[in-house]
Ligand code: ASP
């Protein structure tokens, strides 16, 4: 029997979790770190390796197919508006939940002080990382989008937006020149695009083994759950918010604006969601998100190749929701009252901070430092949430990726580029 990809990945994940747990109990942690973890790293590296070539090639092919600059600005406008809308919705849901559930009230002074003491060192490392972002002028993020050297940008996975900008210019150039001259260029990239998609198929054959290794090494590395008891309500608040986004907000938007039902949507993107969970990185998941959304959800490549790479870097609903809940939780645990104006400011700062977060593990936590600073909450409070950040990172990355996929389908529908026939899982 041929098992669907998402089942194979799920089995790999569960077996990895159980294996990691077993090895931890048998005190054979080193075997996992020395002999299992490298396979997880190899798998993530393979995905990252293909991400930049994929963005360049598929974006050029997608833009060339548009054949018209006005179509690009329509696509861009709708994408940015939807991304902003979903992010602000996510932050608002996070704030409402944190104010209603009040997770900070469930942590007593003793566990608060223990957590602060145990994780201050780790938290300080993140605070230092955030400091460099904070010391720059307000327009620095804009300056950062423009590379001074395209080839340097290509070699740095953190410069994805720079690569996107240059590639968009390249695509615009192709549209604007004489078709006779642009045709060989476009044909070359079209061929290369198919080759890259094939490579992704090949890499995905290793996905069940890759996630097995990632999960097993995660299990032996995360702290014992005994210290985490006090953080259960906080963790649940974040997860409830993420579930609302994934299973209520996106399906409602998808059905209302694209007539895409939840079954079609989730069976198409499940492998990408599982990879997002296992890798905690929207960037590493991007090749698979792009393949699933284009090949299985029916979003035309003209749309997906533009909407998804942009979304992976700037649209992080899960991250922004988490930042809102975490900020309020830390304030509550430290006995700081946040008035309405401050909370409204959190909507703005968490939206910007999530846009600024890199699509890599724990980036959202670094940018949280900025949200805390703006709201007058002590940054040292980061130590409180450190212990369960990794599992929450895995969950919020799933929502980040789900949101990109949902928006791509809605934008595609709005420009008549959603193929309703293509619904294979
Ligand atoms: N890990 C997240 C992502 O890659 C970002 C974060 O919230 O840390 O989407």
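In the numbering used here, the protein residues as written are 6 to 430. Just so you know, even glycine gets a beta-carbon here, dropped at the ideal spot from N, CA and C. From a predicted model like this one, the values you see are computed outputs, not experimental measurements.
Need the endpoints of the alpha helix (DSSP H) that residue i sits in, please.
i           : result
residue 12  : 10 to 30
residue 243 : 237 to 249
residue 383 : Here residue 383 belongs to no alpha helix (DSSP H), and DSSP marks it neither H nor E.
residue 76  : 74 to 106
residue 330 : 322 to 338
residue 361 : 345 to 361
residue 7   : Taken as a continuous stretch (DSSP letters only), residue 7 belongs to no alpha helix (DSSP H), as it is neither H nor E.
residue 67  : 42 to 71
residue 299 : Residue 299 -> no alpha helix (DSSP H), and no H or E assigned at all.
residue 173 : 165 to 181
residue 284 : 267 to 284
residue 364 : Note, residue 364: premise wrong, no alpha helix (DSSP H); not H, not E.
residue 255 : 255 to 263
Going by C-alpha distance, which of the options is nearest residue i?
i           : options               : result
residue 310 : 32, 50 and 84         : 84
residue 445 : 240, 141 and 171      : Absent from the model: residue 445. The displayed extent of the chain is 6 to 430, so no value can be given.
residue 254 : 134, 221 and 404      : 404
residue 168 : 238, 183, 149 and 186 : 149
residue 421 : 38, 12, 34 and 71     : 71
residue 111 : 386, 238, 160 and 293 : 238
residue 410 : 317, 349, 49 and 356  : 317
residue 395 : 377, 423 and 365      : 365
residue 91  : 7, 256, 213 and 218   : 256
residue 135 : 390, 413, 384 and 419 : 384
residue 63  : 406, 356 and 176      : 176
residue 363 : 143, 336 and 325      : 325
residue 217 : 262, 274 and 280      : 280
residue 28  : 284, 223, 57 and 215  : 223
residue 423 : 265, 77, 292 and 75   : 265
residue 40  : 82, 76 and 215        : 215
residue 209 : 378, 33 and 49        : 49
residue 376 : 126, 295 and 352      : 352
residue 183 : 337, 386, 73 and 270  : 73
residue 174 : 67, 38, 7 and 44      : 67
residue 406 : 342, 292, 358 and 330 : 292
residue 69  : 275, 305, 252 and 8   : 305
residue 319 : 287, 198 and 160      : 287
residue 60  : 307, 359 and 426      : 307
residue 426 : 273, 314 and 358      : 273
residue 419 : 104, 127 and 261      : 261
residue 408 : 343, 178 and 314      : 314
residue 106 : 240, 276 and 47       : 240
If you draw a straight line from the alpha carbon of residue i to that of residue j, how long is it in whole angstroms?
i           : j           : result
residue 268 : residue 312 : 22 Å
residue 243 : residue 181 : 47 Å
residue 430 : residue 300 : With a pLDDT of only 49 at residue 430, under 50, the local geometry of the prediction cannot be trusted, and the value read off the model is given with reservation. The alpha-carbon atoms of residue 430 and residue 300 are separated by roughly 9 Å.
residue 303 : residue 388 : 44 Å
residue 247 : residue 398 : 11 Å
residue 220 : residue 334 : 28 Å
residue 355 : residue 382 : 14 Å
residue 118 : residue 393 : 16 Å
residue 270 : residue 100 : 27 Å
residue 259 : residue 415 : 6 Å
residue 151 : residue 144 : 12 Å
residue 211 : residue 18  : 13 Å
residue 350 : residue 337 : 17 Å
residue 378 : residue 87  : 28 Å
residue 14  : residue 278 : 10 Å
residue 369 : residue 129 : 15 Å
residue 23  : residue 31  : 12 Å
residue 193 : residue 187 : 10 Å
residue 44  : residue 197 : 27 Å
residue 401 : residue 327 : 7 Å
residue 95  : residue 108 : 18 Å
residue 285 : residue 367 : 8 Å
residue 413 : residue 321 : 14 Å
residue 126 : residue 8   : 45 Å
residue 480 : residue 185 : This structure leaves residue 480 out entirely; the chain is present only between 6 and 430.
Going by the DSSP bridge assignment, what does residue i pair with across the sheet?
i           : result
residue 423 : 304
Quick check: does the Cβ of residue i come within less than 8 Å of any heavy atom belonging to ligand 2?
i           : result
residue 424 : No copy of ligand 2 appears in this structure; the ligands present are ligand 1.
Is any beta-carbon of chain D found at less than 9 Å from that of residue i?
i           : result
residue 325 : Of the chains in the structure shown, none is chain D; there is only one protein chain.
Give the list of continuous alpha helix (DSSP H) stretches no shorter than 4 residues that lie fully inside the region 187 to 237.
212 to 226
Residue ranges of each alpha helix (DSSP H) within the region 106 to 157, 4 or longer
114 to 139 and 145 to 150
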